[in-house]
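This report refers to the structure that appears directly beneath it.
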Amino acid sequence: MTDLPDQLLSGYRNFMQGRYAAETDRYRELARGGQAPATMVVACCDSRSAPEVIFDAGPGELFVLRNVANLVPPYAPDGEFHSTSAALEFAVQSLKVKNIVVMGHGRCGGIRAALAPGSGPASPGDFIGKWMSLLAPSADAVSGNTLLTEGERQTALERISIRYSIANLRTFPYIKALEDEGQLTLSGAWFDISTGELWVMDRETGDFRRPEID
Ligand SMILES: [Zn+2]
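For the numbering used here, add 238 to where a residue sits in the sequence shown, where the first one is 1.
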């Protein structure tokens, strides 16, 4: 009997006997030398879209930030509490990551809330409505498009939000400067939970395509 859910405790037991036992040296090396991940991923909190699982990443490989609907807000040094911006600052300024990937996903509850405020599993309370209002202009434009089906509107806004977040990354002066100098790449990706398909954003056009992976 512990104060942790049983599922977590048994998962931890498996981790220690499996992955940790197999990668003990790697963990010790990371503890000694510190982390130096090359890539930061901004992903949704959704329990089905874990970047470490999707990209088969080991310890120390990915610096992951997760928030509702994988949004990057615009640069706003206003003295308020900005957890996403703090994580970006740490990843880029201190860890000096070489890539930032914004990864959205299908069936996102946050995006659904943005399209239909007041309904869905992530209906706005004290915080979600305000957070998702970042996307309000795009959400209004997409939700008014009656030529698209509900599912198409959802996918459209999921992908628009990725382009929006990447545009906002460029409002951070140090990110823009590093990208201009060729020291930092900004990428977008969208993961389809139901099929496992990963779609990658073309930097030039903003379109999403499936990469060749064999
Ligand atoms: Zn989501």
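Glycine included, every Cβ here is placed at the ideal spot set by N, Cα and C.
Since the model is a prediction, treat every value here as computed from it, not as a measurement.
Discussion item. For ligand 1, I want to know if residue 430 counts as a neighbour, meaning its beta carbon is within less than 7 Å of at least one of the ligand's heavy atoms.
Written reply: no
Worksheet item: To the nearest angstrom, how far is it from the Cα of residue 306 to the Cα of residue 266?
Response: 33 Å
Item to complete: Please name the residue or residues paired with residue 406 in a DSSP beta bridge.
Response: Bridge partners of residue 406: none, in fact.
Practice prompt. On the DSSP bridge assignment, give the partners of residue 264 in chain order.
Written response: DSSP output for residue 264 lists no bridge partner at all.
Worksheet item: For the alpha helix (DSSP H) that residue 380 lies in, which residues bound it at each end?
Response: 374-381
Worksheet item: So is residue 396 buried or exposed if we call it buried at 16+ other beta carbons inside 10 Å?
Response: buried
Discussion item. What does the Cβ neighbour count give for residue 246, buried or exposed, with the cut at 16 atoms within 10 Å?
Written reply: exposed
Discussion item. Shorter than 7 Å, the distance from the beta carbon of residue 351 to the closest heavy atom of ligand 1, or not?
Written reply: no
Worksheet item: At which residue ranges does the stretch 301-361 contain complete beta strand (DSSP E) runs of 3 or more residues, listed in the order of the chain?
Response: 337-343
Discussion item. Closest to residue 292 by C-alpha separation, out of 448, 429, 275 and 442, would be which residue?
Written reply: 429
Discussion item. Shorter than 7 Å, the distance from the beta carbon of residue 440 to the closest heavy atom of ligand 1, or not?
Written reply: no
Worksheet entry | Segment contact, 8 Å Cβ cut-off, at least three pairs: the stretch 419-439 with the stretch 280-299 | yes
Discussion item. Using the three-state DSSP reduction, which class does residue 272 fall into: helix, strand or coil?
Written reply: coil
Practice prompt. State yes or no: is the C-beta of residue 220 within less than 8 Å of the C-beta of residue 329?
Written response: Residue 220 is absent from the structure shown; the chain starts at 239 and stops at 452.
Discussion item. In this structure, how does DSSP classify residue 433 when only helix, strand and coil are distinguished?
Written reply: coil
Practice prompt. Below 8 Å on the Cβ atoms is my guess for residue 424 versus residue 436; work out the distance and round it to an integer in Å.
Written response: Between residue 436 and residue 424 the Cβ distance is about 17 Å, and since that is not below 8 Å, they are no contact.
Worksheet entry | Contact under 8 Å by Cβ, residue 398 with residue 380 | yes
Fill in: Inter-residue Cα distance where the pair is residue 390 and residue 374
17 Å
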